[in-house]
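Notes follow once the structure below has been shown.
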Amino acid sequence: MALLVFDIGGTAVKYALYKDKELESTRSFTTPLSWKEMKALLSEVKQSFKGETLEGVAISSPGAVDVEAGVIRGISAISYIHDFKIVEELEDLFQLPVTIENDANCAALVELAYGVAKSANTVLFFVIGSGIGGAVAIDGKLHKGINLFRGEFGYMMLDKGYTLSQSASPVHVANRYSSEKDLPTSISGQELFQLSDDGDESARQAVDSLFQALGKGIFNAALVLNPDLVVLGGGLSKRPGLVEEVSKQIDHLREKTGAQDLTISLDTCQFYNDANLLGVVAHFQNNIGIEK
């Protein structure tokens, strides 16, 4: 089976060919500013694989994805992908079966099947990118909730009127740092972390605030569901020492609230940034019959 797989993010769109149980030719392009531009670029990617016999297209996306309706509900960093029959339009574009699933759910699917969560009972997934995506799994199955909002941890309200996404996303934190420093253009999250590592005190404080917010979000969610495991995904999951930094924040909150008996086991995605691309393959295999 050969599938064209996409991971649509607020900053970039990753894509690859899934063939012979492996990802091939993984590349990316900058997330465009309109749906018209997005469709044109997606079509170009398909044309680049015209020598392959494709069985379908599988997509990971932000937002509350209604799989049966083929619509992305809720909100995300990409406003133009919401509230219309996106699967129908993409099937017309590609002339192939298309499936879409929420990005955090995709990461969860592959980690539950093959990765760090395969032996856990109750698992929370926090996927850190342009926002904070999330998923909840119990007994190896995703639980999405009546309005598809179960696991949408990024909406959680934290300090100063900011949501968890606004407080713990490297993109948002880097944008605020750039604004406070009156920089001519915003730096990236990666550049912010590099500045912090190089000794920039303001950058270090910004990074510390990110870890504090992430720790608080995980702590709050863990109080509700008391999971066996919390899995961190997204680009930040590759950062050395991430688990230790977040665990330190959680331990502080456990002590502050008197919840020392609450144990929170943290780990990072085994498949890192490829988790979403691999997860859409599992979703396509499991759900194409439903969506068609």
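If you count the sequence shown from 1, position 111 lands on 927 in the numbering used here, and the numbers rise without skipping. Glycine included, every Cβ here is placed at the ideal spot set by N, Cα and C.
I think residue i touches residue j, with their Cβ atoms under 8 Å apart; what is that distance to the nearest whole Å?
{"i": "G949", "j": "G977", "result": "Rounded, the Cβ-Cβ distance is 21 Å, inconsistent with contact."}
{"i": "V861", "j": "V939", "result": "No, V861 and V939 are not in contact; Cβ-Cβ is about 32 Å, not under 8 Å."}
{"i": "A874", "j": "T915", "result": "5 Å"}
{"i": "V926", "j": "F1087", "result": "6 Å"}
{"i": "V1059", "j": "V821", "result": "The pair is not a contact, with the Cβ atoms about 28 Å apart (cut-off 8 Å)."}
{"i": "A924", "j": "F941", "result": "5 Å"}
{"i": "K830", "j": "S844", "result": "5 Å"}
{"i": "V883", "j": "F900", "result": "The Cβ separation is near 15 Å, so there is no contact."}
Measuring only the C-alpha atoms, how far is residue i from residue j?
{"i": "S1018", "j": "D1067", "result": "24 Å"}
{"i": "D1077", "j": "V881", "result": "36 Å"}
{"i": "G879", "j": "I891", "result": "6 Å"}
{"i": "V1023", "j": "G867", "result": "45 Å"}
{"i": "I902", "j": "E917", "result": "12 Å"}
{"i": "D1014", "j": "P986", "result": "17 Å"}
{"i": "G825", "j": "N921", "result": "14 Å"}
{"i": "F1009", "j": "A1091", "result": "23 Å"}
{"i": "A1038", "j": "F865", "result": "43 Å"}
{"i": "I894", "j": "S946", "result": "10 Å"}
{"i": "E853", "j": "T827", "result": "14 Å"}
{"i": "S994", "j": "T1001", "result": "7 Å"}
{"i": "E905", "j": "K837", "result": "28 Å"}
{"i": "R1020", "j": "N963", "result": "38 Å"}
{"i": "P913", "j": "S876", "result": "15 Å"}
{"i": "G1049", "j": "L999", "result": "29 Å"}
{"i": "R1070", "j": "H959", "result": "27 Å"}
For residue i, write down the residues that DSSP places opposite it in a beta bridge.
{"i": "N918", "result": "S877"}
{"i": "S844", "result": "K830"}
{"i": "D823", "result": "K830, S876"}
Name the residue from the options whose alpha carbon lies nearest to the alpha carbon of residue i.
{"i": "A832", "options": "S1053, W851, G872", "result": "G872"}
{"i": "G1033", "options": "D975, C1085, S994, L1008", "result": "D975"}
{"i": "D1016", "options": "G1031, Q1028, L1030, K997", "result": "K997"}
{"i": "S1004", "options": "L1011, A990, S995", "result": "A990"}
{"i": "R889", "options": "A933, K830, L912, E968", "result": "E968"}
{"i": "S850", "options": "Q911, I897, Y930", "result": "I897"}
{"i": "N1042", "options": "F822, V952, L999, L820", "result": "V952"}
{"i": "D955", "options": "T846, L1045, V829, F942", "result": "L1045"}
{"i": "S935", "options": "F1035, K957, D919", "result": "K957"}
{"i": "S859", "options": "T1073, E907, S994, Y834", "result": "E907"}
{"i": "G1074", "options": "L1082, V1062, F1035", "result": "F1035"}
{"i": "G931", "options": "N1103, N1102, D1083, I1104", "result": "D1083"}
{"i": "S1081", "options": "F965, G1051, L1093, G1031", "result": "G1031"}
{"i": "S983", "options": "S1053, G1051, L999, L1026", "result": "L1026"}
{"i": "Q863", "options": "K835, L909, P848", "result": "L909"}
{"i": "L1052", "options": "T847, V943, L857", "result": "V943"}
So, does the CB of residue i fall closer than 8 Å to a CB anywhere in chain C?
{"i": "A828", "result": "The question asks about chain C, but that chain is absent: this structure has only one protein chain."}
Does any heavy atom of the ligand FAD sit closer than 7 Å to the C-beta of residue i?
{"i": "N1103", "result": "Absence of the ligand FAD is noted for the structure shown, with no ligands found whatsoever."}
* Within the region 1059-1106, note down every full beta strand (DSSP E) run reaching 3 residues or more, in order along the chain. => Runs of the beta strand (DSSP E) lying entirely within the region 1059-1106 and spanning at least 3 residues, in chain order: 1082-1084.
* **Minimum length 3: unbroken beta strand (DSSP E) runs contained in the region 894-968** => 914-918, 938-944, 948-954
* Asked: Can you give, in chain order, each stretch of the alpha helix (DSSP H) that sits fully within the region 984-1014 and has at least 4 residues?
  -> Note on the region 984-1014: whole alpha helix (DSSP H) runs with a minimum of 4 residues are 986-996, 1005-1013, in chain order.
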